[in-house]
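Q: Residue numbers (my numbering), protein chains in the order written: chain L, 44 to 236; chain H, 185 to 363; chain U, 5 to 313; chain X, 10 to 618.
A virtual CB, placed ideally from N, CA and C, is assigned to each residue, including glycine.
Treat the numbers as computed from the prediction; the structure is a model and nothing was measured.
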Amino acid sequence: MVDWRLYEPLINFARKRSMWIVAFCTGCGGIEMPPLMTSRYDLERFGMMPNPAPRMADLFLITGYVTPKTLKRIIITYEMQPDPKYVLAHGSCPLNGGIYWDAYNAIKHLDKYIPVDVAIAGCMPRPEAVMDGIKKIMDLIETGKADGWKRYKENYEYYKKNQDELFGEGWREKTARRWIPWLMGREKKREEE
Amino acid sequence: MAEEVKASWSKGEEIVRMLLEKAPYAEGTVRRERRLEFKVPADRIVDFLRTAKANGFELLLQITAVDWLKEGEIELVYQLFSISHGTHAMVKTRLPRDEARISTVMDIYPVAETYERDAHEFFKVTFEGNPKLEMPWILEDEDREVGVSHRKDFDMLGYVKRKYKLLDRFDEDKENYVI
Amino acid sequence: MIETALKALFILLYATFVGFMFMGIIRIVTARIHRRVGPPIYQPILDTIKLLSKKSNITHGLIYDFGILYAVGATILAVMFIPLGSIGVLRAYGDLILITFLLEIPMLGIMFAAMSSGNPYAGIGAQRALLTLLAIQVPLGFAIVALAEFYGTFSTYEIVMAQQTMGWSIFHFPLLLAAIAYDLVLQAMFGKEPFDIMIAPGEISLGPMVEFGGKHMGLLQIQHAIALFAETLFFANIFLGGGVVTAFSSSILNTIAGLAVLLVKQVAVLLIATFMGAIFPRFTIDQAAKFYWKWPTIIAALGAVLASL
Amino acid sequence: MNELLIIIFAPLLGGVLAWALNVRGIRELLGVAGAAVPLAYLVKLYSELDASGQLSHSIDFAGFTFSFSLTHLTWVFAMIAGVVGLASTIAMVSTSRDGYEWLFALMSLTGAYGVFLSFDLLGFFIFWELMTVGSFMMVLKYSRSAGLKYFVLSVVGAFAMFLAIAKIYALSGSFAFPDVANAVYYAMGRGDLALVFGLFLVAFGVKAGMFPLHVWAPDAYSETNQSYTAMFSGVLSKTGVYGFILIYMLIGYRLMVEFGAFRSAPKFGYIIAFLGGLTIIVGGLLAALQEDIRKLFAYSSISQIGYILVAFGVGTSLSIEAGIYHAISHALFKGLFFLIVATIIYRTGKTTFADMGGLAEKMPFTFAMAFVAILSLAGIPPMAGFVSKWLIFEAVISQNLPILGGMVFFGSAIGFVYLIRFTYAVWFGQRPTDLDDTKDAPLPLAVAMAILAIPNIVFGIAPGLVVKELNKIFGGEIVTSPTLWELNLGFGRYNGLLILVWLIVGLLIAAVIYFLGAPVRKVPVTDTYQSGNPVTMEYNLTIRRNFFLPLKEALAFWLRISFDKLYRDIGAWVEDFAEVMRNYVYNGNVQSYAWYLALILLILAMWGV
C-alpha cells in the first residue's frame, strides 16, 4: 500500500532509540539491571525501559545461566515477541556454560536454541560492559545487521531440531500438561468441599 | 578425621541429657556451642522428632541426605531449630542404600512434605505416608526418566556430555579440566 | 462543512501531538525526580513509530481488533466535544454527563479487547480497573453534580463562558472542593501511582495490556496521548477557566493565545499528577477503594451540597 | 367487540386454546398469535388515538362497571408489553416445554395489558391479581421455594393494595380514576392519605422490586423459563412502575399539597426516589457478586428499576418523562439480555459462570446481540440506554438533588462492573471442552432477539421518535426535539446522529492507522503470555469463580445484612408463634374452649355490655 522503504531510516532510528526490554531475568545478571535502570547509569536516556509483557517488547536480555526449565520459557517468550526482536546474552554462562560447565541443568550453548545478536563476556559483566553491549546492538540495528529474528525464521529447522533433541518431541504440550493431574486433583477436592 | 574438640556448653549438655532421658534409644552429643547432634535408629525417627518437638524444638529447617557409597548407607540429616533453647540440632539417621525407606514426619512438622520430596527426587529415599512424593519437583521429566540422581554411583558427567552433546574435550582421568 | 473538517483535523493533530508531548513530560519529570536524565521529550513518538512499524502482529479474534479501534474512536469522539479555546466542532453538544461517559468508555473498549485474549492477567487487570472505576465514580459523580448545580447548566462551553465573568471555578468554595476531589480522581484516570494497581507492571505484567503488541499497542499509545490531552483539557475547562482570550483584535492571535493559556493550565494539571505519581507507592485495590470512598467522596459531596444551596 | 377488550383478552384466549389443544406446532402458533394480535391492534389504534386523545370503553359485569381507556400514557406502556411480549413469546417457541407454560405466560400478559388499560381501581386490582397468578404459576413449575417466596410477597403487596383501595372506596364510593382523584383531593385526611400512600408504596414496590421488597425477584426471575423472564422483567415489573405513575395521578396533588416539597421534589416523591437510589446500589453491588448468570441479570434488573423510581420520585414532568423513557429502554435491553440468557441455557444447558467461557466464537450472532445489549445497559452513546440515563441524570441534577445525583452516578459505574464480569466469563477466555459443539441461537430466539435489539439502537440514534410520543402524555414540549436526532433540555443537549457520525469518523481514523500496519496473524487462545509457561486447553485459566473477590471482601460487613434473611426470620417467628398458639390455646380441648368463652363473657360483662 505504502512504500515503507522510504521511511526505513526513520523507523530504524525509532527502533534503535526505543528498545523495550522483556523483564525476564534469569540467573545472577538480573541484579545488574537495577543500577542500569536507575539514576547511576539511567538507560532510559536511550529510550529503553523494562516491560513485563513480551508482546510489546523488542529486546530480550538473557542475564546469566539458563537451565532447561528456563530455556523452555525463554523460547516460548521469544516466539511471542513480535518481529523485529533482539537478544542480548550476558556473561559466559549462555556462551559456554561458564562455571556450570558440568552441571546437568545448565544450558551450555544458548545460540543453539535461539539466535543471539550480541553476547557480552564476563562473569558477571559490569554495567559498563552491558552498556557497551547495548551500544553495539544499537549500531547493529541502525545498520540493519541485528537480524537474529530473520535467522530464527530462516533456520527454524535447525533451532527446532536442537530444542527437540534437548527436550524431546512435543515438549510444549508435555510441559503444559505436567501439572494437570495435580491441579485437577486440587480442583476436585475444592469442589467437593 | 581431625581431633574432636570436646565442647563445653553446659546448657547444651543439659538439653541433650533431658532429651536422652525421654528417648533412651538415641545417642546425643554437643558438637560445639549451639550445635547439638543426635543419632537415631531409622525406625524410631518419628518417636524422636515427636519428643523433640514436645521439648522445645519447634522448627524443622531442612532434611538433607548424604550418600555414603562405601558403607552402602544413606544418611538423612533432620535439621531442627529451637527458639526456646536457641540452638540447632542435627538429627541423623542411616538407611540402607538399596532399601531406603523411612516413615514420613509430615504429621509432626508439616513443612517436611517439601523436604521429603526433595530427598526423594535426588536420593531416591521413599518416605512412606507422604502423598505428594510423585508430584513433579525440580527435575524435568526427561531427567527423571533417565534417573538423574545425586547418588554417587550415577555418572553425572557422562550424562551431561550426552545430554548437551558436548565435544569430548576433557578427559575424566585428569585432575583439572580446561575448557 | 470544509471548515468543520479542517477544525476537526486541527484538533485531532494538536491533541495527538500535545498528548505525546505530555507523555514525554511525564517521563522526563519523573526521571528528574529520580535524579536521572530521562528520555528526550519526543520519546513517546519514537515508541509509537516503533510499535506501529513492527513486522508481525497477532490477533485473538475480531473483538480484539475492534476493541482497540473502538477505544481510539471513542477518545477522538470525546475530544471533539470538549471546547478547545475558541475552536470547537461539537462544543454546543458538549454536555458534562456525555463527556464524563465518553472519557470512560475507551477503557471499556480496551477491557473488551484485553479480555477477548483470554489471558488471566488481563482478567485480573480488568477486574482491578473496574473496581477502580467503581471507586472513583462516587467522587467523580459528586464533583460533576456540584458543577452542574452551581452553574445551572450542563454545557461545558457555557460553564467556560460563565467563568469569564464569575471567575474561575476553583475560586468558589464549593467548586474548590469539587476540584480537589476531581483532581484526585484524575490520578486514577491517568493510571498513575498510587492508583495504578490495574496495570501493576511487576505483578500482573501490565494487566489488561499484557497481550497487546505491535500496532495494537501503537494505537493504544495514540489513544493514551489523546485521552491525556482530553482529560487535562476537560479539567482546565471546567475548573480553571478554560482558554478564552479576547485581548487582541485579531481573532487568530486570540485563538493562539487561548491555546497557549490552555496549554499552561493543562501542564499544571499534569505536573500535579506527575509529582503525586512519582513520590507515592502503589495502593492495593481495597485501599484505593476505601480511600476514594472516604475523603474524596466526603469532600465532593460537601461541595455538591454547598453548591446546591 | 371492542378493540380494547381484544387487546386485553387476545393473549388469554390464545393461551387457553394453546393449553387446551396442546399439539406441538399449533400451540406455538396460537400463542404467538395471541401476543401478536394486541400489538397489531395497538399499532392500528395509534392514528385514532392521535386524533381523539383518548379511547374509552366500559362494560358492566357482575354489578360493577369496568372501564378501560387508552391514553397516550397507557399506549406507551401497552406498546412495551406488546413488543417485549411478542419477542418473549416468539422465543418461547424454542424454550417452552408444554401447554401449561403457554397458558400462564399469556395469562400474565393479559394481566399486564389489563393493568395498563384499566381506568378504574377494581379492574386494575383484578388484572393485577391475574398477572400475579400467571407469573406465580410459571415460577412454581420450576422452583417451589422461589414460587412461594414470590407468592408471599405478592400477597403482602396485594393485601396492601386491597386495603388502600377499600379505604379510597369508602371515601369516594367509586372506583373510576377521575372520581377517585377528585375525592382524594377534596376529602381525604392527612393520616389516611399517608396510610394510602404507604400501602400503595408497598403494593407497587413489591412488583417493581423496590429495595427492601426486592427479595423475591432474584429467585423468581432466575427460576423460570428464561424466555418468559424477558416478559417477567420487561413487562411485569413495568406494571409496578406504572403503579407509581398512578400514585401521581390519583393522590399526587393532594400529597403535594399536604406534605409539601423538599427542594423542588415533592416530599413523598423524595421517599420513592431515595428508595430507588438504594435499589440501584444494592441491586448493582449484589449483581456484581453473583455466580449464576440468571441471578446476575435478575439483580441487574432490580438495579435498573431503581433508576426509574429515582426519576419518578423527583416528580417534575421532565423526570417522569425520563423515567418512562428508561422504562422503555429497560424493557428493551433487559428483555434482550434475558433472551440471550435463554439462548445460552438452551444451547449449553448450564447456568453458572464457572461452566462457561469462550462462547463468542461459537455463537457469533448471540454475541452480537449481547454486545448491543451490553452497550445499551452500560449507557454507551449512542444507544437507547444512554439517552434514558442521560435524561435521568439531567432531570435529577437540575433539580438540585446532589445525593440522588451521586447515587445514579454510582449506579452507572456498577453497571459496567457486572456487565464486564458477564462478558468475560461467558464469551471470552478458554472454552471448556464440553462446549466445543455449541451451536448458535435457533431461529425463533434469533428473531426475538433481533426484534428487541433494533429499537435499542434506533431509539438511541433517533431519540426524537420516543420523545415525541412521551411529550404527548404531558401535552406539552417537555423535551424539545428540533429534529429526530436531537434532544434539547435548555441546559443540556444531546444529538444521537452527531455522536454516531463522529464515532464512525473516529473509528475510520483508527482503522486507517490499523490497516497501514503489518497484517495480523490469528493465534489460538492458548498462545497467551503466562510468564512464559505453555498453556493447554485442559486446564482452564480464565477467572470464572469469585471474579470480584476484592469487592466482596470490601463489602463483607454490609453483605451480612440481608433482608431476605430478615423476612425468613420473621416467617420463622410467625410459625413459632402459631405453634405456641396451637399447643397452648387452640389445643382441641373442649374444656379449655369453654373457659375461653367464660373469660370473654366475663370481660364483656365488666365492660358493661
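1. Do residue 183 of chain U and residue 85 of chain U count as a contact pair if the criterion is CB distance below 8 Å?
2. Determine the closest residue to residue 61 of chain X out of X:559, X:530, X:481, with distance taken between C-alpha atoms.
3. Taking buried to mean at least 16 other C-beta atoms within 10 Å of its own C-beta, is residue 346 of chain H buried or exposed?
4. Using alpha carbons as the reference points, say which of U:9, U:167, U:262 lies closest to residue 249 of chain U.
5. Tell me whether residue 191 of chain X is buried or exposed, calling it buried when 16 or more other Cβ atoms sit within 10 Å of its Cβ.
6. Mind checking the segment 524–537 of chain X against chain A and listing, in chain order, the residues whose C-beta falls within less than 8 Å of any C-beta there?
7. Could you pull out every residue in the same chain whose Cβ sits closer than 8 Å to the Cβ of residue 159 of chain L, ignoring the five residues on either side in sequence?
8. Let's see if you can read the secondary structure: which residues bound the beta strand (DSSP E) around residue 132 of chain L?
9. Where do the ends of the beta strand (DSSP E) carrying residue 348 of chain H lie?
10. Can you give the Cα-Cα distance for residue 453 of chain X and residue 46 of chain X, rounded to whole angstroms?
11. If you check the beta carbons only, do residue 161 of chain L and residue 120 of chain L fall under 8 Å apart?
12. Taking only three categories from DSSP, how would you classify residue 555 of chain X?
13. Would you kindly work out how many angstroms separate the C-alpha atoms of residue 250 of chain X and residue 591 of chain X, rounded to a whole number?
14. Which residues does DSSP list as the beta-bridge partners of residue 274 of chain X?
15. Entirely within the segment 235–306 of chain X and at least 3 residues each: give me those beta strand (DSSP E) ranges in chain order.
16. Quick check: the segment 189–209 of chain U against the segment 114–131 of chain U, are at least 3 beta-carbon pairs closer than 8 Å?
17. Does the distance from the CB of residue 225 of chain X to the CB of residue 158 of chain X come in under 8 Å?
18. Rounded to whole angstroms, what is the Cα-Cα separation between residue 517 of chain X and residue 258 of chain X?
19. Can you list the residues of chain X that residue 48 of chain L reaches, using a CB-CB cut of under 9 Å?
20. On a Cα-Cα basis, can you pick out the residue from U:175, U:313, U:301 that is closest to residue 415 of chain X?
21. Helix, strand or coil for residue 274 of chain H per DSSP?
22. At the 8 Å Cβ level, is residue 122 of chain U part of the contact set with chain L, yes or no?
23. Among the residues of its own chain, which have a CB less than 6 Å from the CB of residue 130 of chain X, if the five just before and after it don't count?
24. Mapping the DSSP letters down to three states, classify residue 531 of chain X as helix, strand or coil.
25. Any idea if residue 201 of chain L is buried or exposed, counting beta-carbon neighbours within 10 angstroms, 16 or more meaning buried?
26. Find the nearest neighbour of residue 466 of chain X within the set X:502, X:406, X:455, X:384, judged by alpha-carbon distance.
27. If we ignore side chains and look at the alpha-carbon of each, how far apart do residue 24 of chain X and residue 256 of chain X end up?
28. Taking residue 159 of chain X as part of the alpha helix (DSSP H), name the residues at either end of that continuous run.
29. 8 Å is my cut-off, CB to CB: does residue 544 of chain X come that close to chain L?
30. What residues from the segment 102–119 of chain U come within 8 Å of chain X, judged by C-beta to C-beta, listed N to C?
31. Put residue 604 of chain X into one of helix, strand or coil per three-state DSSP.
32. Using a C-beta to C-beta distance shorter than 7 Å, which residues of chain X count as neighbours of residue 97 of chain L?
33. Return the Cβ separation of residue 101 of chain X and residue 40 of chain X in integer angstroms, given the expectation that the two are a contact with Cβ distance under 8 Å.
34. Could you check whether the Cβ of residue 164 of chain U sits closer than 8 Å to any Cβ belonging to chain X?
35. Taking the beta strand (DSSP E) that residue 503 of chain X belongs to, which residues open and close that run?
36. Quick one: which chain L residues come within Cβ less than 7 Å of residue 547 of chain X?
A: On the basis of the supplied data:
1. no
2. X:481
3. Burial is judged here by how many other beta carbons sit within 10 angstroms of a residue's own beta carbon; residue 346 of chain H has fewer than 16 and is exposed.
4. U:262
5. Exposed: under 16 other Cβ atoms inside 10 Å.
6. Any reference to chain A falls outside this structure, whose protein chains are L, H, U and X.
7. So the list reads 105, 130, 131, 132, 137, 153, 191, once near-sequence residues are dropped.
8. 129–133
9. Taken as a continuous stretch (DSSP letters only), residue 348 of chain H belongs to no beta strand (DSSP E), being part of the alpha helix (DSSP H) at 340–348.
10. 18 Å
11. no
12. Here residue 555 of chain X sits in coil by DSSP.
13. 41 Å
14. X:271
15. none
16. yes
17. yes
18. 50 Å
19. None at all; the shortest Cβ gap to chain X is about 14 Å.
20. U:301
21. strand
22. Not closer than 8 Å to any Cβ of chain L, the Cβ of residue 122 of chain U fails to qualify, so no.
23. 174, 184
24. Look at residue 531 of chain X here: in three-state DSSP terms it is strand.
25. exposed
26. X:384
27. 32 Å
28. Unbroken alpha helix (DSSP H) run through residue 159 of chain X: 153–181.
29. yes
30. 102, 105, 106, 108, 109, 112, 115, 116, 119
31. helix
32. Chain X residues near residue 97 of chain L: 538.
33. Cβ atoms of residue 101 of chain X and residue 40 of chain X come within 8 Å of each other, at about 7 Å.
34. no
35. 502–504
36. 220, 223
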